[in-house]
Structures are given as C-alpha cells and as structure tokens.
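Under mature numbering (1 follows the signal peptide of the UniProt record, and there is no 0), the letters of the sequence shown match residues -23 to -1, 1 to 162, in that order.
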Amino acid sequence: MKKCFTFLLIAFLLPLAACQVDSESQMIEDSQKNERPLGFQGVASDKDQNRRKGLADEQMIFYADKSGQYLSNVISYLENHAFFFENPNNETDALQSFQQALAEIRSQTVELINTERPKAFNGFHEIHLSLLVELDVLDRILMDMRAPIDTKQYHSARVHYENAIINYKSLEREWFSVTEEFGIY
C-alpha cells in the first residue's frame, strides 16, 4: 500500500512540478526574441555566385542570348511540324511546309555559326553540329519524297526527326549548363 501511495503521489506531483507557467513578462520577452524576418537565409546558388564573380563578358552574354533565341526557334519549328509524323498519308502541302521550316532553321543556323563563339560554348557547338547532321539528313529524305509517300522513307524521316529532337535536348542541356556555370541565366 505504501508503494502504491508513493507512486500516485509522484505521478500527481511530477506534472505539477514540470509545468511551470511563464509569467506574462517572460512571454513578451520570448515573442520579441522571435520577431526576426522569416524566409530562407541560405547560400546563393551557383548562378548567383558566378554572376557576382563576373565570369561572363559582353561577348559571352551576346552569344548566350543569340543561341538561346536560336534554340527557342528551332524547337518551335520542329514541334509545329510533328503532325507530319502522326499521319502517314500526308499531303504535299504538309511536306512543303516542313521543308520550309527546315530551310528557316538552316538560315538561322548560318547566322548563329557566323557569330563569334566564346570558348565556353565549344561543347555547345559540337552538339550543335550533330543536330545539324540529323536535320540535313531529314531534309534530304523529305526532298526525295514523292506522292504517294513510301513507308520506308516515312519511317526513315521519322527516325531522323526523333534523333534531331534528342540532339536538341542535349544541346539545350549544354546551353543551360554553360549559362549557369558563368552566371548568365
């Protein structure tokens, strides 16, 4: 019985002893200590750190802008003509439209290649060349197509179109990598 009474007494007094309520003045002091600005106070990203270091010069920024615009235009031309591969019984209008889009990509490519390229974009240029090879082969296949379109030519064109999209994605990743590394974007 004595053990039971001691246990109940400890069980009753322990919460009372542990629950010391702060006075009003202590609560006000605690709230004033916690009145600092909220938000993330972490380390800046690599892009922000590299931008502060000033690694990119005017020429690099100019080339990054021009190549970024080129990438945007190329993917819009390619995606706008994806419908060509959804219907194997395309008309010659769709074929001619696709060829015109490839001609426009080619003219923008010449403009980009004639722009002086910084060393940091050499990897970008190498991947760009592989994209150009796929687009050139695709263009030649489309030029050889005659109505009715042969299924072998159609499938070959589709393979080179998909390869061009894959090369474009690699090119885009390289562009993002370089521009982040030098704090451009």
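Glycine included, C-beta positions come from ideal geometry on N, C-alpha and C.
From what residue to what residue does the alpha helix (DSSP H) around residue i run?
i: residue 164; result: Outside the displayed span of the chain (-23 to 162) sits residue 164, for which this structure offers no information.
i: Ser8; result: 1 to 10
i: residue 176; result: The question about residue 176 has no answer, for the chain in this structure spans -23 to 162.
i: Asn91; result: From DSSP, Asn91 is part of no alpha helix (DSSP H); its letter is neither H nor E.
i: Asp42; result: 35 to 57
With 16 other CB atoms within 10 Å as the buried threshold, where does residue i fall?
i: Asn144; result: buried
i: Leu112; result: buried
i: His132; result: exposed
i: Ala41; result: buried
i: Glu6; result: exposed
i: Ala151; result: For the sequence presented, residue 151 should be read as Glu rather than Ala. Burial call: buried.
i: Ser84; result: exposed
i: Ile90; result: exposed
i: Ser49; result: exposed
i: Ala80; result: exposed
i: Ser8; result: exposed
i: Ser44; result: buried
i: Ile82; result: buried
i: Phe75; result: buried
i: Phe60; result: exposed
For residue i, decide whether its Cβ has a neighbour in chain D, counting only Cβ atoms nearer than 8 Å.
i: Gly100; result: The question asks about chain D, but that chain is absent: this structure has only one protein chain.
Closest to residue i by CA distance: which of the options is it?
i: Ser53; options: Asp7, Ile142, Glu68, Glu151; result: Ile142
i: Thr106; options: Arg123, Val87, Leu119; result: The identity of residue 106 in the sequence shown is Leu, whereas the question assumes Thr. When only C-alpha atoms are compared, the closest one is Val87.
i: His58; options: Tyr138, Arg123, Ser84; result: Tyr138
i: Asp116; options: Gln77, Tyr47, Phe39, Ser44; result: Gln77
i: Ala134; options: Leu119, Thr(-18), Ser147; result: Leu119
i: Ile161; options: Phe39, Phe62, Thr69; result: Phe39
i: Thr69; options: Arg123, Asn140, Glu103; result: Arg123
State whether the region 93 to 103 contacts the region 138 to 157, with contact taken as three or more CB pairs (one from each stretch) at a distance under 8 Å.
yes
For the 8 Å Cβ check, are there 3 or more pairs between the region 33 to 42 and the region 104 to 122?
No, because fewer than three Cβ pairs between the region 33 to 42 and the region 104 to 122 fall closer than 8 Å, the two stretches do not touch.
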